[in-house]
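Okay, structure first, notes after.
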Amino acid sequence: GISKSADWGPPYALERIKRVARAQGATVNDVMIAALSGALRRYVIAHGEVPQDVVTMIPVNLRPWDAPLPEHLGNKFALVAFELPLAQPTPSSRLAEAKARMDVVKQGPEALLTFGLAHAIGSVGAVTETVSRQMISFFGNKAFGVTTNVPGPTTVRYFAGRELVGVLGWVPGASHQTLGACIFSYNGQVRVGFKADSTVIPDIGNLVAALDDELADLFDDLEAAPA
937 GISKSADWGP PYALERIKRV ARAQGATVND VMIAALSGAL RRYVIAHGEV
987 PQDVVTMIPV NLRPWDAPLP EHLGNKFALV AFELPLAQPT PSSRLAEAKA
1037 RMDVVKQGPE ALLTFGLAHA IGSVGAVTET VSRQMISFFG NKAFGVTTNV
1087 PGPTTVRYFA GRELVGVLGW VPGASHQTLG ACIFSYNGQV RVGFKADSTV
1137 IPDIGNLVAA LDDELADLFD DLEAAPA
């Protein structure tokens, strides 16, 4: 559909998420991916459906963290298909599965392959826009959306002398993708911004509430649990 809606969750303490991640040998990204999976599971169940794993696209950075930025900036990343573990029944099992799947993505060759493919699509686009758009749609429709996790500034930033109290983000979408989720951290807090197809997810506020409930349960289950 054409109509889209946007919403966002409350800020969550980054240190609390890190504490859970460290206790489970995971990363902040693993915890947030697991929380997103749990939120989608709750949303699906509330609508009378059986939760099944769904595919989202996640960006994987390909530039070394210590490499100098190029003169004209620009990103170097690939979009990789990732199955969100909606079928796992508990917050802890979703976190374990999210971590296991993310480890496979980090160690596998798919990111480099898709980066090369993106360059190929760009080259084709210089010759024929129609073929380029068809290729983008073909691969874009392999997932229900895009999920990003961006570490932002770790300290307060100011604009025109005013303190920035928070940062919200939304991901771009292509083809027939339904839901985009942007996980963004700023000054010790993490927020998630959602962008959804209104014909498929007409009550996006319920998805935001589901994420809030999922993180609360995840904290309760894992903060006191053994690693």
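Numbering (this note's numbering), first residue to last: 937 to 1163. Glycine residues also receive a C-beta, built at the ideal position from the N, C-alpha and C atoms. Model, not experiment: these values are computed from the prediction.
Look at the alpha carbon of residue i and the alpha carbon of residue j, and state the distance between them as a whole number of angstroms.
i	j	result
alanine 1036	arginine 1098	42 angstroms
glycine 1116	tyrosine 1094	28 angstroms
phenylalanine 1051	alanine 1032	Reliability fails at phenylalanine 1051, whose pLDDT of 49 lies under 50, so the model's placement of it is uncertain and the value that follows must be treated cautiously. Cα to Cα, phenylalanine 1051 sits roughly 27 angstroms from alanine 1032.
valine 1086	glutamine 1024	25 angstroms
alanine 982	leucine 1009	44 angstroms
isoleucine 1137	leucine 1005	39 angstroms
glycine 1102	valine 1144	17 angstroms
serine 939	alanine 1110	14 angstroms
aspartate 1157	glutamate 1007	47 angstroms
glycine 937	serine 1134	7 angstroms
valine 914	valine 1016	Look at the range of the chain in this structure, 937 to 1163, and you will see that residue 914 is not part of it.
proline 1027	methionine 1038	16 angstroms
phenylalanine 1120	valine 986	29 angstroms
alanine 1014	aspartate 1002	18 angstroms
glutamate 1019	alanine 1096	42 angstroms
Nearest CA to the CA of residue i: which residue from the options?
i	options	result
leucine 1100	Thr1091, Trp1001, Gly1141, Glu1159	Thr1091
proline 1021	Gln988, Gln1043, Ser939	Gln988
proline 1089	Tyr1122, Leu972, Asp1149, Leu1015	Tyr1122
leucine 950	Gly1124, Ser1029, Ser1111, Ala957	Gly1124
leucine 1151	Met968, Val1086, Ala959, Arg958	Met968
isoleucine 953	Ala970, Ile938, Gly937	Ala970
glutamate 1159	Ser1134, Ala1034, Ala959	Ala959
glutamine 1043	Val986, Asn997, Phe1155, Arg955	Asn997
alanine 1034	Val986, Ala1096, Asn965, Phe1120	Asn965
Could you give the residue range of the alpha helix (DSSP H) that holds residue i?
i	result
lysine 954	950-959
alanine 1117	Here alanine 1117 belongs to no alpha helix (DSSP H); instead the beta strand (DSSP E) covers 1115-1122.
aspartate 1149	1140-1158
glutamate 1033	1027-1043
aspartate 971	Before going on, a small fix: residue 971 reads as alanine here, not aspartate. From DSSP, the alpha helix (DSSP H) with alanine 971 extends over 964-982.
Leaving aside the five residues before and after residue i along the sequence, list all residues of the same chain whose C-beta is less than 7 angstroms from its C-beta, in chain order.
i	result
alanine 1146	Ala975, Arg978, Tyr979
isoleucine 1140	Ser941, Asp943, Phe1130, Ala1132
phenylalanine 1080	Val990, Val991, Thr992, Gln1113, Thr1114, Leu1115
aspartate 1148	Gly945, Pro946
lysine 1078	Val991, Ala1017
The beta strand (DSSP E) with residue i in it runs from where to where?
i	result
lysine 940	940-944
alanine 1132	1125-1133
isoleucine 994	990-997
proline 1004	Per DSSP, proline 1004 belongs to no beta strand (DSSP E) and is neither H nor E.
valine 1086	1081-1087
Excluding the 5 residues flanking residue i on each side, which residues of the same chain have their C-beta closer than 6 angstroms to its C-beta?
i	result
threonine 1083	Thr992, Ile994, Ala1117
glycine 1129	Trp944, Leu1104, Gly1105, Trp1106, Cys1118
proline 947	Gln1125, Arg1127
threonine 963	Ala957
arginine 1030	Ala970, Ser973, Gly974, Pro1021, Gln1024
proline 1000	none
phenylalanine 1155	none
With a CB to CB cut of under 8 angstroms and the five nearest residues on each side skipped, what residues in its chain are close to residue i?
i	result
proline 1108	Val1082, Gly1116
glycine 1192	As shown, the chain starts at 937 and ends at 1163. That puts residue 1192 outside it, with no answer to give.
asparagine 1142	Tyr979, Ala982
arginine 955	Glu1159
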